[in-house]
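These notes concern the structure reproduced below.
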């Protein structure tokens with residue numbers, strides 16, 4: 002598939018995602034909005050597979066299995082979860098978006114040739130900047146969304162958990178995160194990459210646990226935005242306009 006056709010199809014998918022959000026703004030048009038979103042996602046996934054097809058039959062089998070397993074689980078959950086539990090379901094799904102951003106970034110970091118962002122140990126600096134931001138936001142979104150889910154589903158106390166010196170700890174973690182992001186951009190070190198992941202995971206927990214369960218819907222909205230920016234950051238790394246468009250929309 003040519004680059005121009007891929008770009009056009011990604012643009013169509015992005016337009017359908019915009020129509021999906023517009024449709025979801027009203028109960029009367031929500032079914033149509035969902036349909037637009039489903040069609041847009043099918044176009045985006047199909048375009049990606051056509052533009053960058055798996056290397057062999059085993060790779061195709063893994064892709065098909067992944068889509069079938071993920072889609073099957075999603076379908077079962079969607080049918081069983083009552084509307085009253087939708088906020089916690091959204092929080093759980095946001096955590097998966099964050100982890101997906103981390104895993105895609107890790108794949109790009111260890112196999113940069115497959116993503117045209119350089120060679121192993123010599124990744125383009127701008128790609129490292131985009132990758133580091135995407136993985137940091139994604140990891141933070143993952144653990145933050147998990148805590149939000151646990152609080153909303155009463156699997157942990159909804160009361161604020163206040164740690165001593167929490168602001169100092171958060172500031173130190175944030176500064177360390179910036180330090181290792183700069184280190185990754187300058188050195189391309191795997192140690193810096195995984196330190197970013199670990200620090201962001203810890204920061205996600207510490208940011209959300211002091212917030213009470215009654216405020217979790219607001220937290221979910223914030224984490225939803227984070228997941229969008231994580232996807233957009235990885236979209237820039239991969240040169241994928243669909244991820245950039247949809248990530249920016251969600252953000």
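In this note's numbering, the protein residues as written are 2 to 252. Idealized CB from N, CA, C, for every residue including glycine.
Report task. Keeping to the same chain, check which residues put their C-beta closer than 7 angstroms to that of residue 89; ignore five residues upstream and five downstream. Result -> Your numbering for residue 89 matches position 88 in the chain shown. Within the same chain, residue 89 has close Cβ partners 150, 153 and 154.
Requested in this report: Taking residue 91 and residue 182 to be in contact with their CB atoms under 8 angstroms, please state how far apart those CB atoms are, rounded to whole angstroms.
Outcome: The residue labelled residue 91 in the question sits at position 90 within the chain shown. The residue labelled residue 182 in the question sits at position 181 within the chain shown. That pair is no contact at about 28 angstroms.
**Report entry** Beta-carbon proximity check, residue 244 vs residue 232, cutoff 8 angstroms
**Finding:** As a first step, residue 244 is located in the chain shown; it is residue number 243 there, counting from the start. As a first step, residue 232 is located in the chain shown; it is residue number 231 there, counting from the start. Yes.
Requested in this report: Determine, using beta-carbon pairs with one atom in the segment 195 to 210 and one in the segment 70 to 79, whether at least three such pairs fall under 8 angstroms.
Outcome: no
Query raised in the report: What does a CB cutoff of less than 6 angstroms around residue 143 pick up in its chain, not counting 5 residues either side in sequence?
Result: Here residue 143 is taken as the residue at index 142 of the chain shown, counted from 1. These residues qualify, in order along the chain: 96, 99 and 100.
Query raised in the report: According to DSSP, is residue 124 helix, strand or coil?
Result: The residue given as residue 124 occupies position 123 in the chain shown. Three-state DSSP puts residue 124 in a strand.
Query raised in the report: Does DSSP put residue 119 in a helix, a strand or coil?
Result: Locating residue 119 in the chain shown gives position 118, counting from the first residue. DSSP places residue 119 in strand when its eight states are reduced to three.
Report task. Take residue 162 as the anchor and find which of 214, 139 and 176 has the nearest alpha-carbon. Result -> Along the chain shown, read from residue 1 onward, the residue named residue 162 stands at position 161. The candidate whose alpha carbon is nearest that of residue 162 is 214.
Query raised in the report: Nearest-angstrom Cα distance between residue 240 and residue 124?
Result: Numbered from its first residue, the chain shown carries residue 240 at position 239. Numbered from its first residue, the chain shown carries residue 124 at position 123. Looking at the two C-alpha atoms, the distance is approximately 14 angstroms.
Query - Cβ neighbour criterion (16 or more within 10 Å) applied to residue 251 - result: The sequence position of residue 251 within the chain shown is 250, counting from 1. Classification for residue 251: buried.
Query raised in the report: Is the distance from the Cβ of residue 133 to the Cβ of residue 185 below 8 angstroms?
Result: Mapped onto the chain shown, residue 133 falls at position 132. Mapped onto the chain shown, residue 185 falls at position 184. The answer is yes: Cβ separation under 8 angstroms.
Query raised in the report: Can the beta-carbon of residue 2 be found less than 8 angstroms from the beta-carbon of residue 56?
Result: Here residue 2 refers to the residue found at position 1 of the chain shown. Here residue 56 refers to the residue found at position 55 of the chain shown. Cβ distance not < 8 angstroms, so residue 2 and residue 56 don't count as in contact.
Query raised in the report: Is there contact here, the segment 41 to 51 with the segment 6 to 18, by at least three beta-carbon pairs under 8 angstroms?
Result: yes
Query raised in the report: Near residue 63, what residues of its chain come up, given a Cβ to Cβ distance below 8 angstroms and the 5 sequence neighbours on each side ignored?
Result: As a first step, residue 63 must be located in the chain shown, where it is residue number 62. For residue 63, where only same-chain residues beyond five positions count, the Cβ hits under 8 angstroms are 55.
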